[in-house]
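**Q** Residue numbers (the working numbering): 354 to 830.
Glycine included, C-beta positions come from ideal geometry on N, C-alpha and C.
From a predicted model like this one, the values you see are computed outputs, not experimental measurements.
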Ligand code: PA5
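1. How should residue 619 be labelled, buried or exposed, when 16 other C-beta atoms within 10 angstroms of its C-beta is the threshold for buried?
2. Check each candidate in 555, 570, 544, 567 and name the one with the smallest Cα separation from residue 561.
3. Between which residues of its own chain and residue 747 is the CB-CB distance below 6 Å, once the five residues before and five after are set aside?
4. For residue 599, tell me which candidate among 429, 791, 762 has the shortest Cα-Cα distance.
5. According to DSSP, is residue 629 helix, strand or coil?
6. What is the residue span of the alpha helix (DSSP H) that residue 796 lies within?
7. Between the region 373-384 and the region 620-633, do at least 3 Cβ pairs fall closer than 8 Å?
8. May I have the straight-line CA-CA distance separating residue 881 from residue 510, to the nearest angstrom?
9. Residue 442: beta carbon under 6 Å from a heavy atom of ligand 1?
10. On the CB-based measure, 16 or more other CB atoms within 10 Å of its CB, does residue 533 come out buried or exposed?
11. When you compare only the Cα positions, how much space is there between residue 354 and residue 792?
12. Decide if residue 766 is buried, meaning its Cβ has at least 16 other Cβ atoms within 10 Å, or exposed.
13. For ligand 1, which residues have a Cβ under 6 Å from at least one heavy atom, in chain order?
14. Considering only the alpha carbon of each residue, which of 582, 430, 768 lies closest to residue 602?
15. Using only alpha-carbon positions, find the residue among 549, 506, 737 that is nearest to residue 703.
16. For residue 535, does the three-state DSSP call read helix, strand or coil?
17. Do residue 698 and residue 633 come within 7 Å of each other at the CB atom, strictly closer than that value?
18. Tell me the start and end of each unbroken beta strand (DSSP E) in the region 703-773 that is at least 3 residues and wholly inside, in chain order.
19. Identify whether residue 370 lies in helix, strand or coil by the three-state DSSP scheme.
20. Helix, strand or coil, according to DSSP, for residue 394 in the structure here?
21. Which same chain residues end up closer than 7 Å to residue 607 when comparing Cβ atoms and leaving out the 5 residues on each side of it in sequence?
22. With DSSP collapsed to three states, give me the class of residue 476.
23. For residue 666, report the span of its beta strand (DSSP E) as first-last.
24. Could you say which of 399, 446, 817 lies nearest to residue 643 if we only look at CA atoms?
25. Got a sec? Which residues, its chain only, sit under 7 Å from residue 494 by beta carbon, not counting five neighbours each side?
26. Relative to the C-alpha of residue 506, which candidate in 576, 418, 734 has its C-alpha closest?
27. Tell me where the alpha helix (DSSP H) around residue 481 begins and ends.
28. Would you mind working out which of 535, 470, 455, 672 sits nearest residue 500, comparing C-alpha positions?
29. Beta-carbon within less than 6 Å of residue 656's beta-carbon, same chain only, minus the 5 sequence neighbours each way: which residues are those?
30. Applying the criterion that 16 or more other CB atoms from any shown protein chain within 10 Å of the CB defines a buried residue, is residue 563 buried or exposed?
31. Going by beta carbon distance, what residues of the same chain come within less than 6 Å of residue 672, once the five residues before and after it are set aside?
If you want it as structure tokens, here you go:
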């Protein structure tokens, strides 16, 4: 049994099936391409490290914040005894990391376990302002015994603030105004924003979203670590895993540094080989949330209209999530025989945390005999190998990231690996991987449409744009 507290990196990255040797020069990355890009990677590595030394790239320091981790563990220890339910309210970078971590490292039916067997409160997320889900969640939680954690870096995102105001009112109605304030924790900017203002005004306990770090890079801060600690996850092991990957991925050589290698292979596959889609396909239900978290990171960081140098580039590779083996029965037909426009990253696990042997098939059905003595994890892993083989045989480039076991340390490693991969990919695409002007445009339009003060001009523009002729509208008769 792997305890997950090892401070050495444990992930394996095998990109042989993404090379020209395996899938041909039309579809695979060649040694010459990597050779060619290596000096750029070295130069960008130097720039990133220089920026870090100058106080930028602050996301790299998050694994070191042990004092904060101690504080979160202490807070969570107390709250785990006190609360039956925990509701996280946040969206995008303010919830995906926590969801991924908790899905990876806790029992899949955690909320259905009896209270005495579950390590901490039941976990619910309000991200979408979907009235049906919000109503159902508030109906099912035990409000007098519920901790609400509202998470927003900007302190003003409409979805989060609306869901929070609804939940806050429900809590107040259940326990009264004074007590409700004690059951709310805010994770937000330490100084700025509407939530910070409200937290100060109402006296909520608050934890910081680190300034200078984008929402999607905050999983290793209080944003992701408080929910993890509340659900009984060893956050020190998570941070140690991230630090182990940071050490391993500290060199400038594209062939040695796993994050830079993944960045270069994806970038080359997209820009030289027409692989404009990057599929992440874990072979473990527990890792599906990680694929979702990575999808946001890759999309928001690289999907940019402007290059750093100012010209229009419309950069980015579309990230897609798939789940093995389920999507072998849904997506793999397309991936092996449809357009050859994808790089597929499989994620494997050497040893699953449960061992389930297949019971002997009844005599008289000889075609099921091959399952005699089989084990489900072995079947799932062989399906991964079979998929890698099928993809490679069809000249579809693919690579595999393997972890020995799904542990807090391995998940911390994967978080750090993908974050550094994304920053280097931004450098190769010559775009700024930080900031999200496209997201902000939609947020501002929402404020305008909802009548927020200060957005009147945008509201007029939107209203004009929405009142064209109805020629393309098909309405019920
Ligand atoms: O990565 C990002 O910055 C975004 O996805 C944000 O996390 C998301 O828009 C939510 O923003 P906020 O945390 O300010 O509520």
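**A** On the basis of the data shown:
1. Within the chain shown, residue 619 is the residue found at index 266, counting from 1. Residue 619 is buried by the Cβ-count criterion.
2. Residue 561 sits at position 208 when you count from the first residue of the chain shown. Distances from the alpha-carbon of residue 561 to those of 555, 570, 544, 567 put 544 closest.
3. As a position in the chain shown, residue 747 is number 394, starting the count at 1. Here the set comprises 689.
4. The residue given as residue 599 occupies position 246 in the chain shown. It is 762 whose Cα lies nearest to the Cα of residue 599.
5. Locating residue 629 in the chain shown gives position 276, counting from the first residue. Here residue 629 sits in coil by DSSP.
6. Residue 796 sits at position 443 when you count from the first residue of the chain shown. Start and end: 790-802.
7. Touching, yes, given that three or more Cβ pairs across the two stretches are closer than 8 Å.
8. A question about residue 881 goes unanswered here, because the residues of the chain that appear run from 354 up to 830.
9. For this step, residue 442 is matched to residue 89 along the chain shown. For ligand 1, not one heavy atom lies less than 6 Å from the Cβ of residue 442.
10. Taking the chain shown and counting its residues from 1, the one referred to as residue 533 is at position 180. Taking a 10 Å sphere around the C-beta of residue 533, we find 16 or more other C-beta atoms and assign the residue as buried.
11. Start at 1 with the first residue of the chain shown, and residue 354 comes out as number 1. Start at 1 with the first residue of the chain shown, and residue 792 comes out as number 439. For residue 354, the pLDDT reaches just 37, beneath the cut-off of 50, and the residue's location in the model is therefore unreliable, leaving the point undetermined.
12. The residue given as residue 766 occupies position 413 in the chain shown. Flag for residue 766 reads buried.
13. Going along the chain, the residues that qualify are 444, 445, 446, 447, 505, 506, 507, 510, 513, 567, 568, 569, 653, 789, 792.
14. On the chain shown, residue 602 is found 249 positions in, with the first residue counted as 1. The option with the nearest alpha carbon to residue 602 is 768.
15. Here residue 703 corresponds to residue number 350 of the chain shown, with the count starting at 1. Closest option to residue 703, judged by alpha-carbon separation, among 549, 506, 737: 737.
16. The residue given as residue 535 occupies position 182 in the chain shown. Helix at residue 535.
17. Taking the chain shown and counting its residues from 1, the one referred to as residue 633 is at position 280. Taking the chain shown and counting its residues from 1, the one referred to as residue 698 is at position 345. Inclusion of residue 633 and residue 698 in the CB contact set at 7 Å is warranted, their separation being smaller than that value.
18. Every unbroken stretch of the beta strand (DSSP E) spanning 3 or more residues and falling wholly within the region 703-773 is given here in chain order: 751-756.
19. Residue 370 sits at position 17 when you count from the first residue of the chain shown. Residue 370: helix per DSSP, three-state reduction.
20. Sequence index remark: in the chain shown, residue 394 carries index 41 (1-based). Residue state for residue 394 is assigned as helix, using DSSP reduced to three classes.
21. Position 254 of the chain shown, counted from the start, is the residue given in the question as residue 607. Within the same chain, residue 607 has close Cβ partners 387, 390, 391, 394, 613, 614, 617.
22. Counted from its first residue, the chain shown places residue 476 at position 123. Per DSSP, reduced to three states, the secondary structure at residue 476 is strand.
23. Here residue 666 is taken as the residue at index 313 of the chain shown, counted from 1. Where residue 666 is concerned, the enclosing beta strand (DSSP E) stretches over 665-668.
24. On the chain shown, residue 643 is found 290 positions in, with the first residue counted as 1. Considering only alpha carbons, the answer is 446.
25. Your numbering for residue 494 matches position 141 in the chain shown. Only 438, 440, 477 meet the Cβ criterion.
26. To locate residue 506, count along the chain shown from 1; it is residue 153. Ranking 576, 418, 734 by CA distance to the CA of residue 506 puts 576 first.
27. The residue labelled residue 481 in the question sits at position 128 within the chain shown. Note, residue 481: premise wrong, no alpha helix (DSSP H); not H, not E.
28. Sequence index remark: in the chain shown, residue 500 carries index 147 (1-based). Checking every option, the nearest Cα to that of residue 500 belongs to 535.
29. Looking up residue 656 in the chain shown gives position 303. So the list reads 669, once near-sequence residues are dropped.
30. Here residue 563 corresponds to residue number 210 of the chain shown, with the count starting at 1. Counting Cβ neighbours within 10 Å, residue 563 comes out buried, since at least 16 surround it.
31. Within the chain shown, numbered from 1, the residue matching residue 672 stands at position 319. If we look at residue 672 and ignore the five residues flanking it on each side, its Cβ neighbours are 631, 648, 651, 652.
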